[in-house]
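Encoded as structure tokens, the structure appears first; notes follow it.
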Amino acid sequence: VLVHEINPKHTSQECSCCGYISPTNRDKEKFLCESCGWVADADIDAAVVIRQRGLFELGIKIPLPVVHGKVTLKEPVVRQELSVGLPTEPENPRIGWKQLSLFEWRGDG
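As structure tokens, this is what we get:
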């Protein structure tokens, strides 16, 4: 088993897609690169950066397709209500003034 130590400095702030480093790229669990727009889970992105650094330092080249995730901000979508409410909604059975839950009501049936 090959073990190679990697300097962890800035791995959680470095974009695994473009290499840009900024402390504001990471917001808790979310990673959003200010430079290229890459979006990822922050821990996964840091793990990919560590992997990339290790492969580079060891001179290992693995041709992998690069998938770019980019955030495009759009105006909020306005959704219309598709269902129409009933004039009177069904309720749980009432006995006297007390409304029973599904688990309290016992029918004769």
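First residue of the sequence shown: 24, per the numbering used here; consecutive thereafter.
Idealized CB from N, CA, C, for every residue including glycine.
It should be emphasised that the depicted structure is a prediction, and the values quoted were computed from it without experimental measurement.
Check: Nearest-angstrom Cβ-Cβ length linking S39 and V71, presumed shorter than 8 Å; Outcome: 4 Å
Check: Length of the line joining the Cα atoms of C59 and V26; Outcome: 32 Å
Check: DSSP state of E52 mapped onto helix, strand, coil; Outcome: coil
Check: Distance between Y43 and D50 (C-alpha atoms, nearest Å); Outcome: 15 Å
Check: D64 versus K32: straight-line alpha-carbon distance, rounded; Outcome: 18 Å
Check: Closer than 7 Å: R74 CB and nearest the ligand HEM heavy atom; Outcome: Judged by which ligands are present, the structure shown has none, so any question about the ligand HEM falls away.
Check: Host alpha helix (DSSP H) of V26 (start-end); Outcome: Looking at the DSSP string, V26 is not in any alpha helix (DSSP H), and its letter there is neither H nor E.
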